[in-house]
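Colleague: Line by line, the protein sequences are chains A and B. No gaps in the numbering here: position 408 of the first sequence is 408 in this note's numbering, and each next residue is one more. With positions in the second sequence counted from 1, the corresponding number in this note's numbering is that position plus 446. This is the structure, below, for whatever I ask next.
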Amino acid sequence: MSDSDLPYHSPNDTAPIIPCRGSGTSSSLRRISHGPAAFMHHLFRETSAFVWTGHGSAPTFLASVSITRVPEDRNGMMYSIVPLLVAAFLSSAEAEVRMTAVDTPNDGGGSITLRWIPLVQTEYAESVSVLGLYRRDGLGGERIGLAELALGDSAFIDEDVVNRQRYVYEIEAEFPSSTAILGTAEGTAATQWFRTDRSAVFVAVVVFTGLLLWFTYHARSGRRMFIRRIAGLEAVEEAVGRATEMGKPIMYIPGISSMDDVATIASIQILAQVAKKAGEYGTRLMVPNRDPIVMAVAQEIVKESYNQIGRPDLYNHDDIYYVTYSQFGYAAAVSGIMLRERPATNFLLGMFYAESLILSETGNTTGAIQIAGTDSDAQLPFFITSCDYTLIGEELYAASVYLSREPMLLGSLKAQDYAKALLLALTAIGVVLSIAGIPQFARAFH
Amino acid sequence: MHPSPDPGIWLAAILTLAGFSFLWRDNPFFKVMEHMLVGVSAGYYLVQYAYSALYKKLYVPLVVQGNLLFAGCAILGLMVFARLFPKRSWLSRYPVAFYVAAGAGYSIPSTIQARVVKQMQVTMVNFLDQGSVIAVISGFLLFLGVVTVLLYFFFSAEHRGVLGAASKIGIVTLMIGFGASFGYTVMSRITLLIGRFQFLLGDWLGFL
Numbered sequence: 001m002s003d004s005d006l007p008y009h010s011p012n013d014t015a016p017i018i019p020c021r022g023s024g025t026s027s028s029l030r031r032i033s034h035g036p037a038a039f040m041h042h043l044f045r046e047t048s049a050f051v052w053t054g055h056g057s058a059p060t061f062l063a064s065v066s067i068t069r070v071p072e073d074r075n076g077m078m079y080s081i082v083p084l085l086v087a088a089f090l091s092s093a094e095a096e097v098r099m100t101a102v103d104t105p106n107d108g109g110g111s112i113t114l115r116w117i118p119l120v121q122t123e124y125a126e127s128v129s130v131l132g133l134y135r136r137d138g139l140g141g142e143r144i145g146l147a148e149l150a151l152g153d154s155a156f157i158d159e160d161v162v163n164r165q166r167y168v169y170e171i172e173a174e175f176p177s178s179t180a181i182l183g184t185a186e187g188t189a190a191t192q193w194f195r196t197d198r199s200a201v202f203v204a205v206v207v208f209t210g211l212l213l214w215f216t217y218h219a220r221s222g223r224r225m226f227i228r229r230i231a232g233l234e235a236v237e238e239a240v241g242r243a244t245e246m247g248k249p250i251m252y253i254p255g256i257s258s259m260d261d262v263a264t265i266a267s268i269q270i271l272a273q274v275a276k277k278a279g280e281y282g283t284r285l286m287v288p289n290r291d292p293i294v295m296a297v298a299q300e301i302v303k304e305s306y307n308q309i310g311r312p313d314l315y316n317h318d319d320i321y322y323v324t325y326s327q328f329g330y331a332a333a334v335s336g337i338m339l340r341e342r343p344a345t346n347f348l349l350g351m352f353y354a355e356s357l358i359l360s361e362t363g364n365t366t367g368a369i370q371i372a373g374t375d376s377d378a379q380l381p382f383f384i385t386s387c388d389y390t391l392i393g394e395e396l397y398a399a400s401v402y403l404s405r406e407p408m409l410l411g412s413l414k415a416q417d418y419a420k421a422l423l424l425a426l427t428a429i430g431v432v433l434s435i436a437g438i439p440q441f442a443r444a445f446h
Numbered sequence: 447m448h449p450s451p452d453p454g455i456w457l458a459a460i461l462t463l464a465g466f467s468f469l470w471r472d473n474p475f476f477k478v479m480e481h482m483l484v485g486v487s488a489g490y491y492l493v494q495y496a497y498s499a500l501y502k503k504l505y506v507p508l509v510v511q512g513n514l515l516f517a518g519c520a521i522l523g524l525m526v527f528a529r530l531f532p533k534r535s536w537l538s539r540y541p542v543a544f545y546v547a548a549g550a551g552y553s554i555p556s557t558i559q560a561r562v563v564k565q566m567q568v569t570m571v572n573f574l575d576q577g578s579v580i581a582v583i584s585g586f587l588l589f590l591g592v593v594t595v596l597l598y599f600f601f602s603a604e605h606r607g608v609l610g611a612a613s614k615i616g617i618v619t620l621m622i623g624f625g626a627s628f629g630y631t632v633m634s635r636i637t638l639l640i641g642r643f644q645f646l647l648g649d650w651l652g653f654l
């Protein structure tokens with residue numbers, strides 16, 4: 001805090017607040033109302049408040065304390081000694097309204113967290129009428145109001161700050177006849193590159209990546225890897241064959257989420273395998289899309305799949321099309337297409353929301369064989385009740401591996417399995433140790 | 447009966463009935479409603495994205511604020527349109543690849559945090575020290591459910607013997623969870639249906 005900021009003048013009071021400089025980033029103020037302090041305040045009643053900025057030591061405080069207005073009819077000796085008494089009193093007292101301003105940890109910057117002792121726990125609880133939080137952009141900057149605080153508030157996160165810029169915060173209280181700044185603090189926001197509260201995730205990603213590389217290496221070296229039978233995926237061949245026999249198209253719905261969704265990524269990988277099988281049989285494949293980026297990816301995937309099986313002529317750009325971004329507009333349109341085109345097989349694989357039952361129930365009424373899959377636990381019950389086969393959660397992720405049997409992907413599936421085994425073991429150890437009264441192991445995951 | 451004089455209410459009611467007509471079979475009224483919904487929503491989202499993406503997230507930072515980093519984003523965005531030119535359509539793969547990679551990179555850590563680490567956190571507790579018999583049983587069932595469901599999703603071994611028995615408990619646990627979820631969601635959908643009927647009988651026809 002610079003000298004230019006001081007002293008603070010109360011808007012409702014002609015008497016200035018006496019500032020005392022300190023070296024820290026937190027501050028406190030004692031508004032003296034009883035006991036020896038009240039006596040001294042009575043002597044200096046024109047002086048409305050004392051501000052002590054920082055954790056300045058008593059000598060520092062004594063050196064910097066000053067009284068700007070002294071009643072003229074007092075004894076000179078008395079006036080010279082009272083400031084020292086006030087200083088001694090304040091330096092020995094525990095601060096009542098301490099305030100800190102620190103960069104919000106584990107964030108992308110642009111945020112400062114303020115904390116203070118709630119005033120409801122102090123002597124101000126009954127006398128404060130309005131409590132406000134203010135901010136100055138740097139030293140001497142414009143003062144703006146951030147929020148009106150309740151007496152019980154003890155923290156505030158200011159998310160409207162610029163990184164590496166210094167801000168000064170003030171808590172100002174309005175008393176029945178005066179206004180006082182109860183605390184000030186300075187803070188700077190910064191970006192953290194590593195979230196320490198996500199260390200468990202980091203370790204999990206590193207371990208999983210290690211397993212992935214290890215099993216991919218072994219898969220590529222020709223080692224045979226077993227995968228158990230997954231009923232829903234065994235039926236893919238049958239479903240494509242059925243559409244071929246009936247001379248009807250296959251409809252593939254890749255969910256309604258975007259490409260940053262794991263379920264959509266898994267669905268697109270399955271689409272590649274379904275497109276290959278459809279191409280081998282020469283069956284028409286329709287892919288209505290809700291997301292334009294997913295549509296672009298689906299077009300590329302289907303085109304590439306047809307190329308790989310030597311049937312680029314089968315690719316029809318208009319069969320992988322955009323419908324609308326509206327959730328229920330998409331559901332209505334796809335339902336209508338199901339009734340008019342009558343696809344023999346419907347694949348509903350990806351992320352679905354409330355439209356899942358509309359789509360799967362409409363497909364059911366058309367008599368199509370339906371293979372669905374999602375990792376949305378809220379929608380799985382609807383697929384289970386209205387579809388012939390349902391891939392539950394991780395079966396969706398395993399599907400593309402199961403269908404393609406590519407060594408690289410097989411390695412990833414094996415890595416997933418061993419990662420699950422590791423998680424299972426860690427969970428069991430955590431439970432056993434918690435029961436044995438050693439909760440530290442479990443806490444490491446928090 | 448006091449039908450609403452508002453033509454907007456009448457239009458909404460007729461479109462609602464056209465939507466319900468799908469329960470009977472596909473018909474011209476449903477087709478009109480379907481095409482209107484698709485067309486109106488497509489137009490709406492076009493305008494919305496033109497404003498929120500092109501203007502707010504590209505024009506303002508690039509042109510108004512002069513942040514040249516956004517020029518790279520603009521180029522990537524323009525490359526998507528290369529799909530319209532068959533000889534240069536390969537260019538569109540770069541922004542798509544960037545988007546997929548960024549999406550995967552962004553979602554994998556958050557998925558691990560939300561679905562793996564959080565699950566472990568709530569499972570690794572001393573369920574014998576929960577205060578009541580019901581809480582102890584609940585804690586044990588939670589632990590048993592997590593273990594057996596994880597074993598169900600183990601693909602590297604045939605589900606026989608102990609693993610088979612455990613995975614059967616796992617799938618039963620899943621089905622119990624799905625049943626509860628089904629009931630809960632159906633109830634919320636019934637609420638939506640009631641809302642539509644309130645609109646038809648109240649706002650439109652004035653019975654309520």
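Beta carbons: idealized from backbone N, C-alpha and C, even for Gly.
Anything in chain A within Cβ reach of L596 (chain B), meaning under 9 Å, just list it in chain order.
Modeller: Those are K420, A421, L423, L424, T427, listed as they occur along chain A.
Colleague: Can you give me the C-alpha to C-alpha distance between T196 (chain A) and V120 (chain A), rounded to a whole angstrom?
Modeller: Using only the alpha carbons, I get a separation of about 33 Å.
Colleague: Answer yes if the region 505 to 515 of chain B comes into contact with the region 333 to 345 of chain A, meaning at least three C-beta pairs across the two stretches below 8 Å, and no otherwise.
Modeller: Flag = no, the region 333 to 345 of chain A and the region 505 to 515 of chain B do not touch.
Colleague: Kindly indicate if chain B contains any beta-carbon less than 8 Å away from that of F61 (chain A).
Modeller: Only weak support is given to the placement of F61 (chain A): the predicted model assigns it a pLDDT of 32, under 50, and the value that follows is read from those uncertain coordinates. Judged by the 8 Å Cβ criterion, F61 (chain A) is not in contact with chain B.
Colleague: Can you grab the Cα-Cα spacing for the pair A603 (chain B) / S613 (chain B), in whole Å?
Modeller: One C-alpha to the other measures close to 11 Å.
Colleague: Is the beta carbon of V595 (chain B) closer than 8 Å to that of T619 (chain B)?
Modeller: Yes, the Cβ-Cβ distance between T619 (chain B) and V595 (chain B) is below 8 Å.
Colleague: Taking only beta-carbon positions, decide if H218 (chain A) is within less than 8 Å of chain B.
Modeller: No, no contact with chain B.
Colleague: Would the beta-carbon of Q565 (chain B) fall within 8 Å of that of V592 (chain B)?
Modeller: Result yes, Cβ atoms of Q565 (chain B) and V592 (chain B) sit closer than 8 Å.
Colleague: Classify Q440 (chain A): buried if its beta carbon has 16 or more other beta carbons within 10 angstroms, exposed otherwise.
Modeller: With fewer than 16 other Cβ atoms within 10 Å, it is exposed.
Colleague: Roughly how many whole angstroms lie between the Cα atoms of W650 (chain B) and F466 (chain B)?
Modeller: Using only the alpha carbons, I get a separation of about 16 Å.
Colleague: Does the structure place the region 403 to 411 of chain A close enough to the region 199 to 217 of chain A that three or more beta carbon pairs sit under 8 Å?
Modeller: A contact exists between the region 199 to 217 of chain A and the region 403 to 411 of chain A.
Colleague: Touch check for the region 574 to 588 of chain B and the region 197 to 206 of chain A: three-plus C-beta pairs under 8 Å?
Modeller: Output reads no: the region 197 to 206 of chain A does not touch the region 574 to 588 of chain B.
Colleague: Going straight from the alpha carbon of R635 (chain B) to that of Y330 (chain A), what length do you get?
Modeller: Distance between the alpha carbons of R635 (chain B) and Y330 (chain A): 18 Å.
Colleague: For the alpha helix (DSSP H) holding P541 (chain B), just list the boundary residues, first then last.
Modeller: First-last of the alpha helix (DSSP H) with P541 (chain B): 539 to 557.
Colleague: Using 8 Å for Cβ pairs, my map puts G210 (chain A) next to W116 (chain A). What's the rounded Cβ distance?
Modeller: No, G210 (chain A) and W116 (chain A) are not in contact; Cβ-Cβ is about 46 Å, not under 8 Å.
Colleague: Residues bridged to R164 (chain A) by DSSP?
Modeller: According to DSSP, which records beta bridges pairwise, R164 (chain A) is partnered with nothing at all.
Colleague: Listing by chain order, which chain B residues have their CB less than 8 Å from the CB of V274 (chain A)?
Modeller: Those within 8 Å of V274 (chain A) in chain B number zero; the least Cβ separation is about 19 Å.
Colleague: Run through DSSP, which three-state label would V70 (chain A) get?
Modeller: Any reading at V70 (chain A) needs caution, since the residue's pLDDT is 35, under 50, leaving its predicted position unreliable; the model's value is listed next. V70 (chain A) falls in the coil class under three-state DSSP.
Colleague: Between I558 (chain B) and chain A, is any beta-carbon pair separated by less than 8 Å?
Modeller: Yes, because at least one Cβ of chain A sits closer than 8 Å to the Cβ of I558 (chain B).
Colleague: I need the straight-line Cα distance from D375 (chain A) to L469 (chain B), nearest angstrom please.
Modeller: Cα to Cα, the separation comes out at about 29 Å.
Colleague: By the three-class DSSP mapping on this structure, what secondary structure does L146 (chain A) have?
Modeller: Strand.
Colleague: Using the three-state DSSP reduction, which class does Y397 (chain A) fall into: helix, strand or coil?
Modeller: Here Y397 (chain A) sits in helix by DSSP.
Colleague: Taking 8 Å as the CB-CB limit, is L146 (chain A) close to chain B?
Modeller: No - not a single Cβ of chain B is within 8 Å of the one on L146 (chain A).
Colleague: Look at V203 (chain A) and E186 (chain A) and say whether their C-beta atoms are less than 8 Å apart.
Modeller: No, the pair does not count as a contact, with Cβ atoms beyond the cut-off.
Colleague: Since I believe A263 (chain A) is in contact with S257 (chain A) (beta carbons under 8 Å), could you give me their beta-carbon distance rounded to a whole number of angstroms?
Modeller: The Cβ separation is near 7 Å, so the contact holds.
Colleague: Three-state secondary structure (DSSP) at G641 (chain B)?
Modeller: Helix at G641 (chain B).
Colleague: Using a cut-off of 8 Å between C-beta atoms, extract the partners of R340 (chain A) located in chain B.
Modeller: The answer, in chain order, is D472.
Colleague: Alpha carbon to alpha carbon, how far is E170 (chain A) from I157 (chain A)? Give it in angstroms, no decimals.
Modeller: Approximately 14 Å, taken between the alpha carbons.
Colleague: In terms of residues, what are the limits of the beta strand (DSSP E) holding F156 (chain A)?
Modeller: First-last of the beta strand (DSSP E) with F156 (chain A): 155 to 158.
Colleague: Would a check of beta-carbon distances place R529 (chain B) closer than 8 Å to chain A?
Modeller: Output row for R529 (chain B): interface = yes.
Colleague: In or out: Q494 (chain B) buried (at least 16 other Cβ within 10 Å) or exposed?
Modeller: By the neighbour-count rule (16 or more Cβ atoms within 10 Å), Q494 (chain B) is not buried but exposed.
Colleague: Quick one: residues in its chain with C-beta nearer than 6 Å to the C-beta of N473 (chain B), no 5 flanking neighbours on either side, listed in chain order?
Modeller: Closer than 6 Å at the Cβ level, and outside the excluded window around N473 (chain B), lie S467.
Colleague: Suppose you measure from the CA of A368 (chain A) to the CA of L146 (chain A); what does that come to, to the nearest Å?
Modeller: Their backbone Cα atoms lie some 60 Å apart in a straight line.
Colleague: Throw me the rounded Cβ distance for the P249 (chain A) and V294 (chain A) pair, which I believe falls under 8 Å.
Modeller: That belief does not hold up - the Cβ atoms of P249 (chain A) and V294 (chain A) are roughly 19 Å apart, past 8 Å.
Colleague: Quickly, what does DSSP pair M479 (chain B) with across the bridge? List them, please.
Modeller: According to DSSP, which records beta bridges pairwise, M479 (chain B) is partnered with nothing at all.
Colleague: D417 (chain A) lies in the alpha helix (DSSP H); which residues open and close that run?
Modeller: Unbroken alpha helix (DSSP H) run through D417 (chain A): 407 to 435.
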